[in-house]
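Residue numbers for the sequence shown follow this note's numbering, beginning at 1249 and rising by one.
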Amino acid sequence: MDLKKIFVKNACPTKIGGQAILEGLMMKGADQQAIAIRKPSGRIHLSVEPLAKPGKWKKIPVLRGVMVFVSALVQGTSILLYSAEVLEQFTDEEGNPMFEKDRTTLWLEKHLGEKGALNAMLYLSVVLAVLLTVGVFIILPTWLIHSARAWGGITNPVALNALEGAVRIAMFVLYIRLVSGMQDIRKVFQYHGAEHKTIHCYESGLELTPENAQSFYALHPRCGTSFLMFVMVLSLLIFSMFGWPNLTVRILSRLILIPFIAGLSYELLQFTGRHDGPVVRFLSLPGIALQTLTTKEPAMDQLEVAIVAMKAVMPESERAGDPCMSALPHGRYWVGDVDEHGCLHKDEEATAAFRTRRKAQKESA
């Protein structure tokens, strides 16, 4: 692992970030967000929406990290559901649906209607994700060490907390390794790599082409995977300060402290993303090591998708030289296709439907 290729010299860090999804990815800029998905026809489905101005909480350290984490969880789930909805319309080369609705979704649509089912699936998915995360990565590790400590004869609180932290990290790494063997997840990890390469290319000031982007590492110091590793490492350190009380108190204390730890982790991630040096690189190493599991080398056509999403969220002045993407209106809802020449084809009906749905979701949030 060459850290010089991850902490790129003379790069100009931005706040543009993204998320890999089914057959594509999302990019989020300063004031708008874009979702790009590769269609079986070869064209790229593109949807763009303006972002609301951040509230006053954005200026409060730690608290902003908590708010960003919660928002990312809800928005991330919403984007995944959207990508699945787009892919439902298409079949693969063998004529099979690229994505099929499960029984739960069909039941919800029957009883709540399409819009009601979409909102229900969004919040149901978020609740299930939170419950599984809390159960598997917070409660289970401390319960396992609690149950095993008598057998091991370990009574030192620091050692017990260290073991709990080690078990938590090991379980998370094992989970990533298991899911990475699934074909669909592997594609998502490739798009994750495409996201990082494209951001590296943009921050280095190079022309956004698949060839230029491919020359960069698929690892990035300002990645959400690194955020998760910061959370786990800081949890180990902070939980150790509270000794080893009984199991109930221990579980409650962890649940109460997790939002605070998430806020600290966000601040640490932002710091390491803006700075370089021996200390920053040392702090970034665990997260970067974890990224080697959550990113894969992307294909050139996947980089094309990432570049379309990136161009859609770049400042309007930077798109001026692109004869096709310069036509994309800034700060407005837009849905359509991008053809093989990079030219835009707006779908007025889809744009209106997307605008209505997104506004309704934001109002109900």
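Don't be surprised by glycine CBs; every beta carbon is placed ideally from N, CA and C.
N-terminal and C-terminal residue of the alpha helix (DSSP H) that residue i is part of
i: S1295; result: Careful: S1295 lies outside any alpha helix (DSSP H), inside the beta strand (DSSP E) at 1292-1298.
i: D1250; result: Where D1250 is concerned, there is no enclosing alpha helix (DSSP H), given that its DSSP letter is neither H nor E.
i: F1519; result: 1495-1522
i: Q1337; result: Premise fails: Q1337 is in no alpha helix (DSSP H) and is neither H nor E.
i: P1458; result: 1458-1462
i: C1449; result: 1431-1451
i: G1525; result: Premise fails: G1525 is in no alpha helix (DSSP H) and is neither H nor E.
i: V1310; result: Segment: none, V1310 is in no alpha helix (DSSP H) and carries neither H nor E.
i: V1384; result: Run containing V1384: none; DSSP gives neither H nor E here.
i: F1420; result: 1405-1427
Spatial neighbours of residue i in its chain, beta-carbon cut-off 6 Å, leaving aside the 5 residues before and after
i: S1483; result: I1509
i: A1442; result: P1546, Q1550, L1551, A1554
i: T1516; result: Strictly speaking, residue 1516 in this sequence is Leu, with Thr absent from that position. The residues are F1478.
i: H1578; result: E1564
i: Q1539; result: L1467, C1471, T1473
i: L1454; result: N1460
i: G1266; result: L1273, M1274, M1275, E1443
i: L1411; result: I1393
i: R1312; result: W1305, K1306
Three-way DSSP call (helix, strand, coil) for residue i in this model
i: L1592; result: strand
i: A1282; result: strand
i: M1315; result: helix
i: A1268; result: strand
i: K1607; result: helix
i: K1544; result: coil
i: L1273; result: strand
i: W1305; result: helix
i: N1258; result: coil
i: R1470; result: coil
i: W1492; result: coil
i: M1562; result: coil
i: D1549; result: helix
i: H1394; result: helix
i: E1357; result: helix
i: A1568; result: coil
i: I1536; result: helix
i: S1700; result: No statement about residue 1700 is possible, as the shown extent of the chain runs from 1249 to 1613 and does not include it.
i: Y1371; result: helix
i: I1402; result: coil
Boundaries (first-last residue) of the beta strand (DSSP E) holding residue i
i: D1585; result: 1582-1586
Residue burial classification, residue i (beta-carbon count within 10 angstroms, cutoff 16)
i: H1293; result: buried
i: E1271; result: buried
i: A1568; result: exposed
i: V1497; result: exposed
i: S1513; result: buried
i: A1418; result: exposed
i: F1530; result: exposed
i: T1446; result: buried
i: T1325; result: buried
i: A1398; result: exposed
i: A1278; result: exposed
i: H1593; result: exposed
i: G1413; result: buried
i: I1285; result: buried
i: S1331; result: buried
i: R1522; result: exposed
i: Q1438; result: buried
i: M1430; result: exposed
Beta-carbon gap between residue i and residue j smaller than 9 Å
i: L1321; j: V1384; result: no
i: V1314; j: G1491; result: no
i: A1557; j: L1273; result: yes
i: V1586; j: K1276; result: no
i: S1452; j: N1258; result: yes
i: S1488; j: N1409; result: yes
i: Q1617; j: P1298; result: Absent from the structure is residue 1617, since the part of the chain shown begins at 1249 and ends at 1613.
i: I1283; j: I1327; result: yes
i: P1507; j: F1317; result: yes
i: I1536; j: L1251; result: yes
i: M1548; j: P1458; result: yes
i: I1386; j: L1476; result: no
i: E1588; j: R1291; result: yes
i: L1495; j: T1403; result: no
Contact set for residue i: own chain, Cβ-Cβ below 7 Å, skip 5 residues either direction
i: F1602; result: S1295, Y1581, V1583
i: S1532; result: P1469, S1474, T1520
i: H1440; result: A1268, T1542, T1543
i: T1381; result: none
i: T1604; result: none
Contacting residues, own chain, Cβ-Cβ under 8 Å from residue i (five flanking each side not counted)
i: Y1450; result: T1262, I1264, L1456, M1558, M1562
i: L1388; result: M1419
Residue i at chain C interface by Cβ criterion, 9 Å
i: Q1431; result: Checking the listed chains, one finds no chain C in this structure; it contains a single protein chain.
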